[in-house]
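Engineer: Under numbering that gives the first Met the number 0, the first residue of the sequence shown carries the number 0, and numbering increases by one thereafter. Ideal placement from N, C-alpha and C gives every residue a C-beta, glycine not left out. Structure in structure tokens, see below.
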Amino acid sequence: MSEQAPDRWVDHDLAAPFRRFDADAVAGLLAQGWGLVARDLVRLDTERDDTFLATLGSDTVVVKVAHPADDAALVDLQVRALQHAADRDPALPLPRLRPDTAGAPVRRVAGAQGEPRLARVLDYLPGSTLEYALTDAAQRRAVGRAAGRLSAALADFDHPAAGRVLPWDLQQVASLRPLLAAIGDPAVATDVAAVLDRYDAEVGPRLRAARQQVVHNDLNPDNVLVDPAGPEFVTGILDFGDVVRTAVVADLAVAMAYAVGADHAFERHHVDPWAAPYDVAEGFVSVRELDDDEAALLPDLVVTRLAQRLLVNSWLAASDPANAGYTARSVEHAARALRRLASAPAPASGVG
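Put into structure tokens, the structure is as follows:
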């Protein structure tokens, strides 16, 4: 077993509730800080910040106000990673930042209780959020290609805050064991504990020895916009909030974990639960090569990511009941996916 830090996540500010902005406050900061008049504001569900879709007549933007605990260095990491990727690969479908009236990409604003918070405005990207149940193999490969291009674009990026300690980093999974108590289903908790045991004994050391860089780290379907009729399928990659320096292969494993055919409609068409995730992997390696050791880690990392989702989302739902509808919604999907993979042999060959 690896050394654990039982209190590390219990007091971590990821789970800290906060008083959220309302639409009137966001309209005010848009007018004052960016000179923009919002005709309509719609809150978007997020884990940690306040995010609104703002309609400005014929234009639309996204407003993000960081969690009060997010300091300037962390927000700067997210902003600079986004800008770097866009500079390295201008054709990547990434939102561009709209500078405020002073020309700055981020503006300090007063929160609902007077606390300092950091706001930014980004271009709105068209498209629908990805639904793997509606995709074919070619479209899943397109998702993988977009992920691989983003990984390549960030390959030479670094930042002083990139070494952040984040529960969503697959290299931190061993320290999540105390969160098993937050999983309500004892059978699921037992399955997750078994994944942690294997991680401690085999997966973790191999992962820490793998190639490292700053990665997006959260290519879940809500962060990928698509247009089935478009030439590239993927029309947007959103939310750099979990960006971190970790293993390159971890970024792909995160994306693959969401492609496991865990919903019932998908199950009727995909007998092998590994098929769809490996379509994503095939697209990724077509633009960003993995070595044999990295490719061999993928099955374990996909399973580990599902366990991580169960641990962190169960804990977040218990810690912040007001936002439980958002944070708990992936728990059932992850539990089903973990059960499906447990009954199916992992691919024996490499990817690509």
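In three-state DSSP terms, what is Phe283?
Structural biologist: Sequence index remark: in the sequence shown, residue 283 carries index 284 (1-based). In the structure shown, Phe283 sits in a helix (DSSP, three-state: H, G or I).
Engineer: For Leu337 and Val302, which I take to be in contact (beta-carbon distance under 8 angstroms), what is that distance rounded to the nearest angstrom?
Structural biologist: Position 338 of the sequence shown, counted from the first residue, corresponds to residue 337. Position 303 of the sequence shown, counted from the first residue, corresponds to residue 302. Yes, they are in contact, since the Cβ atoms of Leu337 and Val302 sit about 7 angstroms apart, within 8 angstroms.
Engineer: Where do the ends of the beta strand (DSSP E) carrying Gln212 lie?
Structural biologist: Against the sequence shown, residue 212 aligns to sequence position 213. Per DSSP, Gln212 belongs to the beta strand (DSSP E) from 211 to 214.
Engineer: Using the C-alpha atoms, what's the distance from Val142 back to Ala229?
Structural biologist: Residue numbering aside, residue 229 sits at position 230 when the sequence shown is read from its first letter. Residue numbering aside, residue 142 sits at position 143 when the sequence shown is read from its first letter. It is worth fixing the name first, because residue 229 is Gly in this sequence and not Ala. When rounded, the distance between both Cα atoms is 13 angstroms.
Engineer: Count the other C-beta atoms from every protein chain shown that fall within 10 angstroms of the C-beta of Leu133, then say buried if there are 16 or more, exposed otherwise.
Structural biologist: For the purposes of this step, residue 133 is taken as the residue at position 134 of the sequence shown. Exposed, because fewer than 16 other Cβ atoms sit within 10 Å of the Cβ of Leu133.
Engineer: Should the segment 235 to 253 be regarded as contacting the segment 185 to 201, the criterion being three or more beta carbon pairs within less than 8 angstroms?
Structural biologist: No, the segment 235 to 253 is not in contact with the segment 185 to 201.
Engineer: Roughly how many whole angstroms lie between the Cα atoms of Phe20 and Ala26?
Structural biologist: As a first step, residue 20 is located in the sequence shown; it is residue number 21 there, counting from the start. As a first step, residue 26 is located in the sequence shown; it is residue number 27 there, counting from the start. Distance between the alpha carbons of Phe20 and Ala26 is about 10 angstroms.
Engineer: Let's test the definition: count the other Cβ atoms within 10 Å of the Cβ of Pro227 and tell me whether it reaches 16, buried, or not, exposed.
Structural biologist: Here residue 227 refers to the residue found at position 228 when the sequence shown is read from its first residue. So Pro227 counts as exposed.
Engineer: May I ask you to report which of helix, strand or coil DSSP gives Ser329?
Structural biologist: The residue labelled residue 329 in the question sits at position 330 within the sequence shown. If DSSP states are grouped into helix, strand and coil, Ser329 belongs with coil.
Engineer: Considering only the beta carbon of each residue, do Arg139 and Asp278 sit closer than 8 angstroms?
Structural biologist: Counting from 1 along the sequence shown, the entry for residue 139 is found at position 140. Counting from 1 along the sequence shown, the entry for residue 278 is found at position 279. Result yes, Cβ atoms of Arg139 and Asp278 sit closer than 8 angstroms.
Engineer: Tell me the rounded alpha-carbon separation between Leu55 and Pro344.
Structural biologist: Within the sequence shown, the letter at position 56 stands for residue 55. Within the sequence shown, the letter at position 345 stands for residue 344. So the two alpha carbons sit approximately 51 angstroms from each other.
Engineer: Using only alpha-carbon positions, find the residue among Trp314, Asp238, Ala146, Leu179 that is nearest to Phe283.
Structural biologist: Here the question's residue 283 lines up with position 284 in the sequence shown. Cα-wise, what sits closest to Phe283 is Ala146.
Engineer: So does the segment 108 to 116 actually touch the segment 58 to 70, counting three or more Cβ pairs closer than 8 angstroms?
Structural biologist: Yes, since at least three Cβ pairs between the segment 108 to 116 and the segment 58 to 70 fall closer than 8 angstroms, the two stretches touch.
Engineer: So what does DSSP say about Ala100, is it helix, strand or coil?
Structural biologist: What you label residue 100 is simply residue 101 of the sequence shown in a count that begins at 1. Looking at the sequence shown, residue 100 is not Ala but Thr. Of the three classes helix, strand and coil, the one that applies to Thr100 here is coil, per DSSP.
Engineer: In the DSSP assignment, the beta strand (DSSP E) including Leu43 goes from what residue to what residue?
Structural biologist: As a working mapping, residue 43 is identified with position 44 in the sequence shown. Its beta strand (DSSP E) spans residues 39 to 43.
Engineer: Where does Arg335 land, buried or exposed, given buried means 16+ other C-beta within 10 angstroms?
Structural biologist: Residue numbering aside, residue 335 sits at position 336 when the sequence shown is read from its first letter. Buried, by the Cβ-count rule.
Engineer: Thinking Ala294 and Pro276 are a contact (beta carbons under 8 angstroms), I'd like their distance in whole angstroms, please.
Structural biologist: Against the sequence shown, residue 294 aligns to sequence position 295. Against the sequence shown, residue 276 aligns to sequence position 277. Actually they do not touch by this definition, with Cβ atoms about 13 angstroms apart.
Engineer: Is the Cβ-Cβ distance between Arg210 and Ala152 less than 8 angstroms?
Structural biologist: What you label residue 210 is simply residue 211 of the sequence shown in a count that begins at 1. What you label residue 152 is simply residue 153 of the sequence shown in a count that begins at 1. No, they are not a contact pair.
Engineer: Alpha carbon to alpha carbon, how far is Asp49 from Lys63?
Structural biologist: Locating residue 49 in the sequence shown gives position 50, where the first residue counts as 1. Locating residue 63 in the sequence shown gives position 64, where the first residue counts as 1. Looking at the two C-alpha atoms, the distance is approximately 6 angstroms.
Engineer: Going by beta carbon distance, what residues of the same chain come within less than 6 angstroms of Asn222, once the five residues before and after it are set aside?
Structural biologist: Here the question's residue 222 lines up with position 223 in the sequence shown. Closer than 6 angstroms at the Cβ level, and outside the excluded window around Asn222, lie Leu237, Asp238.
Engineer: Hey, how far is the Cα of Ala85 from the Cα of Pro272?
Structural biologist: Translated into positions along the sequence shown, residue 85 becomes position 86. Translated into positions along the sequence shown, residue 272 becomes position 273. About 34 angstroms.
Engineer: Starting from Arg144, trace the alpha helix (DSSP H) both ways and give me its first and last residue.
Structural biologist: In the sequence shown, counting from the first residue as 1, residue 144 sits at position 145. Its alpha helix (DSSP H) spans residues 136 to 152.
Engineer: So, for Arg18: in the same chain, excluding its five sequence neighbours on each side, which residues have a beta-carbon less than 8 angstroms away from its beta-carbon?
Structural biologist: Taking the first residue of the sequence shown as 1, we reach residue 18 at position 19. Hits under 8 angstroms: Gly110, Ala111, Gln112.
Engineer: Relative to the alpha-carbon of Ala101, which residue among Tyr198, Leu91, Ser318, Arg119 has its alpha-carbon at the smallest distance?
Structural biologist: Translated into positions along the sequence shown, residue 101 becomes position 102. The shortest C-alpha separation from Ala101 is found at Arg119.
Engineer: Would you list the residues sitting across from Ala246 in a DSSP beta bridge?
Structural biologist: Reading the sequence shown from its first residue, position 247 is the one you call residue 246. Ala246 pairs with Gln211.
Engineer: Can at least three beta-carbon pairs, one atom from the segment 307 to 314 and one from the segment 167 to 178, be found at a separation below 8 angstroms?
Structural biologist: A contact exists between the segment 307 to 314 and the segment 167 to 178.
Engineer: Please tell me whether Arg148 and Leu91 are closer than 8 angstroms, where the distance is taken between their beta carbons.
Structural biologist: Residue mapping note: residue 148 aligns to position 149 of the sequence shown, counting from 1. Residue mapping note: residue 91 aligns to position 92 of the sequence shown, counting from 1. Contact flag set, yes.
Engineer: Return the first residue and the last residue of the alpha helix (DSSP H) that Arg107 is part of.
Structural biologist: Taking the sequence shown and counting its residues from 1, the one referred to as residue 107 is at position 108. Taken as a continuous stretch (DSSP letters only), Arg107 belongs to no alpha helix (DSSP H), being part of the beta strand (DSSP E) at 106 to 109.
Engineer: Which partner residues does Phe51 have in the DSSP bridge list?
Structural biologist: As a first step, residue 51 must be located in the sequence shown, where it is residue number 52. The partner list for Phe51 (beta bridge, DSSP) reads Arg42, Val62.
Engineer: Have a look at Tyr131 and Asp23 and give me their C-alpha separation to the nearest angstrom.
Structural biologist: Locating residue 131 in the sequence shown gives position 132, where the first residue counts as 1. Locating residue 23 in the sequence shown gives position 24, where the first residue counts as 1. Distance between the alpha carbons of Tyr131 and Asp23 is about 35 angstroms.
Engineer: Tell whether a beta-carbon distance below 8 angstroms holds between Ala181 and Leu195.
Structural biologist: On the sequence shown, residue 181 is found 182 positions in, with the first residue counted as 1. On the sequence shown, residue 195 is found 196 positions in, with the first residue counted as 1. No, the Cβ-Cβ distance between Ala181 and Leu195 is not below 8 angstroms.
Engineer: Assuming Gly235 contacts Leu224 under a Cβ cut-off of 8 angstroms, what Cβ separation, rounded to an integer in Å, is found between them?
Structural biologist: Counting from 1 along the sequence shown, the entry for residue 235 is found at position 236. Counting from 1 along the sequence shown, the entry for residue 224 is found at position 225. Their Cβ separation, rounded to whole angstroms, is 3 angstroms, which keeps Gly235 and Leu224 in contact under 8 angstroms.
Engineer: Can you find a C-beta in chain D that's less than 8 angstroms from the C-beta of Val223?
Structural biologist: Absence of chain D from the displayed structure is noted, only one protein chain being present.
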